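Student:
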Amino acid sequence: MTQPGAGLQSPSSYADQIARILEGEILGGRYARGAHLQQDEVCRRFGVSRTPAREALRKLQALNLVELIPNRGARVRVPTLRELEEVYQVRAELEGFAAELAAEADDPAIARRLREAQTALAELLPVAVAALDGADEHAGERLRHVNDTFHGVVHDAGGNRRLGQMIQELHRYFPKDTVRLAVRTPDALQVLYLDDHDVILDRIAHRDGPQARAAMRDHILRSQSMLIDYLRERGLGTSG
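For this note's numbering, add 1302 to where a residue sits in the sequence shown, where the first one is 1.
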């Protein structure tokens, strides 16, 4: 039998810890969009009573990650197409601003770190392309990790912590399983992970703030287009 609070640190923060763990798993793709999170299952897994399990699910609802189902638990939320479009529009502007700040930071280390990430992406891309046919189920995750590193460098480079926090909040709308499925052709992988990044890196390295901003904005809106097209093809979400 699971010990009460197994793996958790303090009874007063069980709900926070459970919510944090489940949040990471939802955003990481362990739970697909529309999947159910049964309250009793959460209780059994973490060895807690219904009260912290229910509170944890409420915290996930406040983050727009789940919808609560009366007397049952929660369902991983499927955002509407309109919500995704609106969030991507805001994200494009914020990440574009971050790229502009990175270009204007006058720090050679920024371009160096971006080149390192790009080198790693270039090395991983052939493996990720092969994984589209199931050759390596972990290749996509490694590619996304390095991609996150690239974007993280840009977000941090300008020194505006509030901007970085706002961008991370917007990322809560994009569990990685959905984004991964949307970017599903060799050409899409090449464009998003290499070609677009090369342009962004070039503009930042040349300290061209306005062009860095435009390149990042185009990059984010391109990924929006791919995701929206994928969801529309499968009838996921609505336009409302």
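Glycine included, every Cβ here is placed at the ideal spot set by N, Cα and C. Predicted model only: the values in this text are computed from it and were never measured.
So Ile1469 packs on Glu1397, CB below 8 Å; how close in whole Å?
Tutor: Confirmed, about 6 Å.
Student: Can you tell which of His1440, Met1528, Gln1492 and Gly1460 has its C-alpha closest to the C-alpha of Ala1411?
Tutor: Comparing Cα-Cα distances from Ala1411 to each of His1440, Met1528, Gln1492 and Gly1460, the minimum goes to Gly1460.
Student: Between Pro1410 and chain C, is the shortest Cβ-Cβ distance under 9 Å, so that the two count as touching?
Tutor: Of the protein chains in the structure, only one exists, and it is not chain C.
Student: I want to know whether the stretch 1481 to 1496 touches the stretch 1517 to 1530 - three or more CB-CB distances under 8 Å.
Tutor: Enough Cβ pairs lie closer than 8 Å, so yes.
Student: Consider the C-beta atom of Val1392 and the heavy atoms of the ligand SAH; say whether any pair is separated by less than 8 Å.
Tutor: Here there are no bound small molecules, and the ligand SAH is not part of this structure.
Student: Give every residue of the same chain whose Cβ lies closer than 7 Å to the Cβ of Met1303, excluding the five residues on either side of it in the sequence, and list them in chain order.
Tutor: A caution first: Met1303 carries a pLDDT of 44, below 50, which makes its placement in the model unreliable, though a value can still be read off. The answer is none, since no qualifying residue turns up.
Student: With a Cβ-Cβ cutoff of 9 Å, do Arg1524 and Asp1500 count as a contact?
Tutor: No, the Cβ-Cβ distance between Arg1524 and Asp1500 is not below 9 Å.
Student: For a minimum of 4 consecutive residues, which ranges assigned as the alpha helix (DSSP H) are wholly contained in the stretch 1471 to 1518?
Tutor: Here the runs fully enclosed are 1478 to 1484, 1488 to 1492 and 1498 to 1507.
Student: Under 6 Å Cβ to Cβ from Arg1515, same chain only, skipping five residues before and after it: list those, please.
Tutor: Counting only Cβ-Cβ distances below 6 Å, and skipping sequence neighbours, we find Gly1398, Ala1401 and Glu1402.
Student: What are the residues that DSSP puts in a beta bridge with Val1368?
Tutor: Answer by DSSP bridge pairing, in chain order: Val1378.
Student: What's the C-alpha gap between Ala1334 and Val1380?
Tutor: If I take the Cα positions, the gap works out to 9 Å.
Student: Terminal residues of the continuous beta strand (DSSP E) containing Leu1339?
Tutor: That run of the beta strand (DSSP E) goes His1338 to Gln1340.
Student: Contact check, Ala1376 vs Leu1370 under 8 Å by CB: the rounded distance?
Tutor: Indeed they touch by this definition, with Cβ atoms about 5 Å apart.
Student: Just to confirm my understanding: we take Ala1558, look at its own chain, exclude 5 residues before and 5 after, and list those with CB closer than 6 Å. What are they?
Tutor: Nothing can be reported for residue 1558: it is not among the residues displayed for the chain, which extend from 1303 to 1542.
Student: Is it true that the CB of His1508 sits closer than 9 Å to the CB of Arg1393?
Tutor: Cβ distance not < 9 Å, so Arg1393 and His1508 don't count as in contact.
Student: Tell me the DSSP secondary structure of Asp1450 in three-state form.
Tutor: Reduced to three states, the DSSP call for Asp1450 is helix.
Student: Label Gln1549 either buried or exposed according to how many other C-beta atoms from any shown protein chain fall within 10 Å of its C-beta, with 16 as the threshold for buried.
Tutor: No information on residue 1549 is available, as it lies outside the stretch 1303 to 1542 that the chain covers here.
Student: Smallest Cα separation from Gly1454: which of Ala1405, Arg1360, Gly1466 and Asp1489?
Tutor: With distances taken between Cα atoms, Gly1454 lies closest to Gly1466.
Student: Mapping the DSSP letters down to three states, classify His1440 as helix, strand or coil.
Tutor: Reduced to three states, the DSSP call for His1440 is coil.
Student: Three-state secondary structure (DSSP) at Tyr1333?
Tutor: Coil at Tyr1333, not helix or strand.
Student: Can you tell me which of the three DSSP states Val1350 falls into?
Tutor: In this structure, Val1350 counts as coil in the three-state DSSP scheme.
Student: For Leu1403, which of helix, strand or coil comes out of DSSP?
Tutor: In the structure shown, Leu1403 sits in a helix (DSSP, three-state: H, G or I).
Student: Drop a sphere of 10 angstroms on the beta-carbon of Arg1534, count the other beta-carbons inside from all chains shown, and report buried for 16 or more, exposed for fewer.
Tutor: Under this definition Arg1534 is an exposed residue.
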